[in-house]
Amino acid sequence: MSGADDRRHVVVVGAGPAGLAAAVAARARGARVTLLDASDELGGQYWRHLPESRPAARERILHHGWDAFTAMRARLAADDGCEIVTGAQVWAIERPSADAGPVDDATPGDHAAATADGTAPAAVVHVLVGQVDGSRRVPLTLRPDALVLATGAHDRTLPFPGWDLPGVFTAGAAQALAKGERVAIGDRVIVAGAGPFLLPVAVSLVRARARVVGIHEAARVPSLARGWLRDPLGLARAPHKAAELAGYVSVLARERIGYSTGSAVVAAHGTDRVEAVTVQRLDATWAPIPGTERRIEVDAVCVGHGFTPRLELPIAAGCRIGSDRFVEVDADQGAGPAGVFAAGEITGIGGVDQALAEGEVAGHCAAGGFPSDPAVAPAVRRRAVAHDVAGRIEAAHGIRPGWTGWLRDDTLACRCEEVPVGRIRATTRAARSTDLRSMKLATRAGLGICQGRVCGRTVEQLLAAEAPACGSAPRESAAPAPAGSDRRPIASPVRLGELAAAYDLRDAGPPSLAATAPGADDPPRADDPPRAADPPPAATPPRDPAPPTTPAPARTTDRKDLP
Ligand SMILES: Cc1cc2nc3c(=O)[nH]c(=O)nc-3n(C[C@H](O)[C@H](O)[C@H](O)COP(=O)(O)OP(=O)(O)OC[C@H]3O[C@@H](n4cnc5c(N)ncnc54)[C@H](O)[C@@H]3O)c2cc1C
Numbered sequence: 001m002s003g004a005d006d007r008r009h010v011v012v013v014g015a016g017p018a019g020l021a022a023a024v025a026a027r028a029r030g031a032r033v034t035l036l037d038a039s040d041e042l043g044g045q046y047w048r049h050l051p052e053s054r055p056a057a058r059e060r061i062l063h064h065g066w067d068a069f070t071a072m073r074a075r076l077a078a079d080d081g082c083e084i085v086t087g088a089q090v091w092a093i094e095r096p097s098a099d100a101g102p103v104d105d106a107t108p109g110d111h112a113a114a115t116a117d118g119t120a121p122a123a124v125v126h127v128l129v130g131q132v133d134g135s136r137r138v139p140l141t142l143r144p145d146a147l148v149l150a151t152g153a154h155d156r157t158l159p160f161p162g163w164d165l166p167g168v169f170t171a172g173a174a175q176a177l178a179k180g181e182r183v184a185i186g187d188r189v190i191v192a193g194a195g196p197f198l199l200p201v202a203v204s205l206v207r208a209r210a211r212v213v214g215i216h217e218a219a220r221v222p223s224l225a226r227g228w229l230r231d232p233l234g235l236a237r238a239p240h241k242a243a244e245l246a247g248y249v250s251v252l253a254r255e256r257i258g259y260s261t262g263s264a265v266v267a268a269h270g271t272d273r274v275e276a277v278t279v280q281r282l283d284a285t286w287a288p289i290p291g292t293e294r295r296i297e298v299d300a301v302c303v304g305h306g307f308t309p310r311l312e313l314p315i316a317a318g319c320r321i322g323s324d325r326f327v328e329v330d331a332d333q334g335a336g337p338a339g340v341f342a343a344g345e346i347t348g349i350g351g352v353d354q355a356l357a358e359g360e361v362a363g364h365c366a367a368g369g370f371p372s373d374p375a376v377a378p379a380v381r382r383r384a385v386a387h388d389v390a391g392r393i394e395a396a397h398g399i400r401p402g403w404t405g406w407l408r409d410d411t412l413a414c415r416c417e418e419v420p421v422g423r424i425r426a427t428t429r430a431a432r433s434t435d436l437r438s439m440k441l442a443t444r445a446g447l448g449i450c451q452g453r454v455c456g457r458t459v460e461q462l463l464a465a466e467a468p469a470c471g472s473a474p475r476e477s478a479a480p481a482p483a484g485s486d487r488r489p490i491a492s493p494v495r496l497g498e499l500a501a502a503y504d505l506r507d508a509g510p511p512s513l514a515a516t517a518p519g520a521d522d523p524p525r526a527d528d529p530p531r532a533a534d535p536p537p538a539a540t541p542p543r544d545p546a547p548p549t550t551p552a553p554a555r556t557t558d559r560k561d562l563p
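Count the sequence shown with the numbering used here and you get residues 1 to 563, in order.
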């Protein structure tokens with residue numbers, strides 16, 4: 001950072017609805033903002049779209065709130081006070097040491113060694129910028145006055161026999177392919193799982209020209225009624241949700257797509273890929289009811305049981321994690337450590353409305369404002385409504401424990417390491433322990449490429465279910481450590497060569513993001529000149545030489561305050 005800029009520096013991680021709203025609000029209050037996202041495009045999961053180089057005419061039809069998104073994107077892109085860095089993977093966050101005082105020895109690659117007023121930063125944010133599969137990502141280290149974490153969630157999918165067959169997709173993956181690539185996961189698709197998200201996914205599949213043979217919601221009618229219809233007046237405060245629902249229902253009716261409640265896909269069948277599924281009725285605990293099995297021919301399965309917040313960075317930053325395994329926030333979206341804020345799906349699953357409202361409050365407060373300020377009063381009100389909706393979603397569709405009844409001993413719990421459920425159960429009983437770490441080391445469950453993102457919560461639940469059989473104390477079984485399987489100090493894969501190169505660059509001088517431009521992907525040579533005097537670098541190498549469309553995408557070449 002240039003020493004001349006004494007504005008408060010806010011770093012926002014994640015450019016989904018929450019992060020975008022946070023960046024806009026922080027800028028509105030005068031902070032200097034750096035907005036980081038691992039993706040090439042802004043918008044997060046909700047506004048996942050075709051790349052700027054291949055724009056779609058129908059984006060507005062395919063996305064709710066598309067105009068709001070493009071307005072935020074254009075505003076930030078045109079704003080000199082906002083640095084947008086796409087292709088920016090935050091792979092680690094360090095907490096500032098308690099005795100960290102003013103920092104004045106800017107290290108190469110360290111673009112904000114000191115905060116605006118020379119005090120200790122909120123966190124030390126380690127970033128790698130560039131193509132994930134490229135050989136030369138560029139390291140950045142940021143030390144902002146305030147940090148807004150808005151890293152969203154990933155799919156939660158309960159395993160079932162055959163879920164490892166090709167043709168079985170998570171609901172989020174099916175949605176991402178349909179929205180981001182206009183690709184349907186199959187011709188004849190069954191949609192199953194739990195939660196309102198199944199509806200937009202089914203509609204997206206229809207728009208991508210798949211035949212959706214049915215939607216199977218695990219929750220039963222009494223549970224749906226208890227969740228959604230309690231306090232109907234409260235629900236009336238979110239009339240746009242009813243309009244959105246009506247839109248989905250009209251598509252389902254037009255396409256004659258059935259919606260079954262208290263029903264689940266409990267097995268997928270096929271040799272080289274999925275050819276059929278078994279659906280079965282569930283009781284109130286989601287245990288399958290014997291004798292209700294039905295076989296349905298399909299060539300693809302789309303299954304999702306909600307979302308798991310991405311907690312790696314919040315845990316690393318020292319945020320409070322509640323017993324419900326979301327980041328706990330105060331009225332100002334403060335997440336525990338001074339200067340660290342959280343917004344969006346990492347604080348609870350409440351959809352885009354919650355993400356936008358929380359993001360706005362978080363950005364405003366990270367920039368020095370207060371939740372009581374008139375500027376964010378509408379956002380605070382919208383946040384309350386969204387939290388009410390989030391509570392209804394959990395009450396209606398939250399995972400019930402009986403689902404383990406559809407598992408067989410040979411069902412894979414961890415697909416990466418191919419660990420079957422039976423091995424986890426047998427190991428627990430043999431060791432008379434339900435300790436998560438011991439289980440990982442003994443079976444390798446959760447040690448594969450996804451690092452437990454897909455199976456972590458499942459393994460925890462299997463361990464909890466085994467507790468009585470192996471004599472574990474109830475406390476151990478019922479209340480996993482707050483971080484549980486979500487603790488990953490290194491949040492994304494980093495090559496050893498990248499780490500080594502980062503240290504080399506520190507010796508030689510600041511790295512240049514321009515080094516990641518196409519054609520500059522060769523490994524650094526020993527006689528490369530020091531890069532301290534490099535011109536302002538490009539934030540992300542353009543992947544396609546096509547000219548940008550209007551409005552301009554995130555700036556990729558005019559970073560102003562990096563060396
Ligand atoms: C696959 C998927 C698809 C979804 N599709 C829909 C949909 O179509 N409709 C709907 O209503 N809801 C959808 N949801 C739910 C949706 O996530 C929320 O409603 C909303 O997008 C949440 O906004 P957010 O800003 O909290 O998170 P997100 O929109 O998820 O944004 C988080 C952003 O953080 C970035 N990020 C995460 N970790 C890092 C890191 N370490 N470094 C840098 N960047 C990082 C991600 O790239 C992402 O852009 C989907 C969820 C998932 C998981």
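Every residue gets a Cβ at the ideal spot worked out from N, C-alpha and C, and that includes glycine.
Taking each of Glu312, Ser263, Lys179 in turn and checking the Cα distance to Thr292, the smallest one comes out for Ser263.
By the Cβ-count criterion, His240 is exposed, with fewer than 16 other Cβ atoms from all chains shown falling within 10 Å of its own Cβ. A buried status is given to Gly359, since no fewer than 16 other beta-carbon atoms sit within 10 Å of its beta-carbon. For the pair Ala442 and Ala426, the CB atoms are not nearer than the 8 Å cut-off. Beta-carbon to beta-carbon, Val138 and Cys82 are separated by about 20 Å, too far to satisfy the 8 Å threshold.
Distances between the C-beta of Asp37 and the heavy atoms of ligand 1 include at least one below 7 Å.
For Arg487, the CB stays at least 7 Å from every heavy atom of ligand 1.
Measuring C-alpha to C-alpha distances from Leu199 to each of Ser260, Val10, Leu496, Pro166 identifies Ser260 as the nearest. Counting only the Cα atoms, Cys455 lies some 8 Å from Arg415.
Proximity to Ile315 across Gly306, Val301, Thr347 peaks at Thr347, based on C-alpha coordinates. By a beta-carbon distance limit of 8 Å, Glu417 contacts Leu447. Their separation comes to about 6 Å.
The three-state reading of DSSP puts Thr70 in helix, counting H, G and I together. For Ala202 against Ile257, the beta-carbon gap comes to about 6 Å, under 8 Å, which counts as contact. Listed as beta-bridge partners of Thr34 by DSSP are Val11, Glu83.
8 Å or more divides the Cβ of Asp324 from the Cβ of Gly402. Residues Val10, Val33, Gly363, Ala366, Ala367 of the same chain have their beta carbon placed closer than 6 Å to that of Ala26, with the five preceding and five following residues left out of the count.
With at least 16 other beta carbons inside 10 angstroms of its own, Ala317 counts as buried.
Residue environment for Leu76: buried (at least 16 other C-beta atoms within 10 angstroms of its C-beta). The continuous beta strand (DSSP E) containing Pro309 extends over residues 307-309. In terms of Cβ geometry, Ala395 and Arg237 do not form a close pair [threshold 8 Å].
Counting every other CB atom within 10 Å of its CB across the protein chains shown gives Asp40 a total of 16 or more, marking it as buried. Every beta strand (DSSP E) stretch that sits fully inside the stretch 175-227 and reaches 3 residues is listed by chain position as 188-193, 211-217.
Between Ala122 and Ala335, the C-beta gap is not smaller than 8 Å, which leaves the two residues out of contact. Counting C-beta pairs with one atom in each stretch, the stretch 264-272 and the stretch 179-186 have fewer than three that are closer than 8 Å, which means they do not touch.
Listed in chain order, the non-local C-beta contacts of Asp353 below 6 Å within the same chain comprise Ala386, local neighbours out to five positions each way being set aside.
For Glu41, the secondary structure class from DSSP, reduced to helix, strand or coil, is coil. In the structure shown, Val298 falls within a coil segment according to DSSP collapsed to helix, strand and coil. Counting C-beta pairs closer than 8 Å gives three or more between the stretch 210-217 and the stretch 188-197, which meets the contact rule. Restricting attention to Arg392, Ala300, Asp486, Leu463, the CA atom closest to the CA of Gly322 is found in Asp486. Looking at the DSSP output, His269 shares a beta bridge with Ala276.
Between the alpha carbons of Ala150 and Thr434 lies a distance of about 32 Å.
The criterion of a C-beta distance shorter than 8 Å is not satisfied by Val459 and Ala491.
Less than 8 Å separates the beta-carbon of Gly304 from that of Gly172.
A straight line joining the alpha-carbon of Ala210 with that of Leu165 spans about 19 Å. Beta-bridge pairing by DSSP links Phe341 to Val148, Gly334.
Rounded to whole angstroms, the gap between the alpha carbons of Phe370 and Ala276 is 55 Å.
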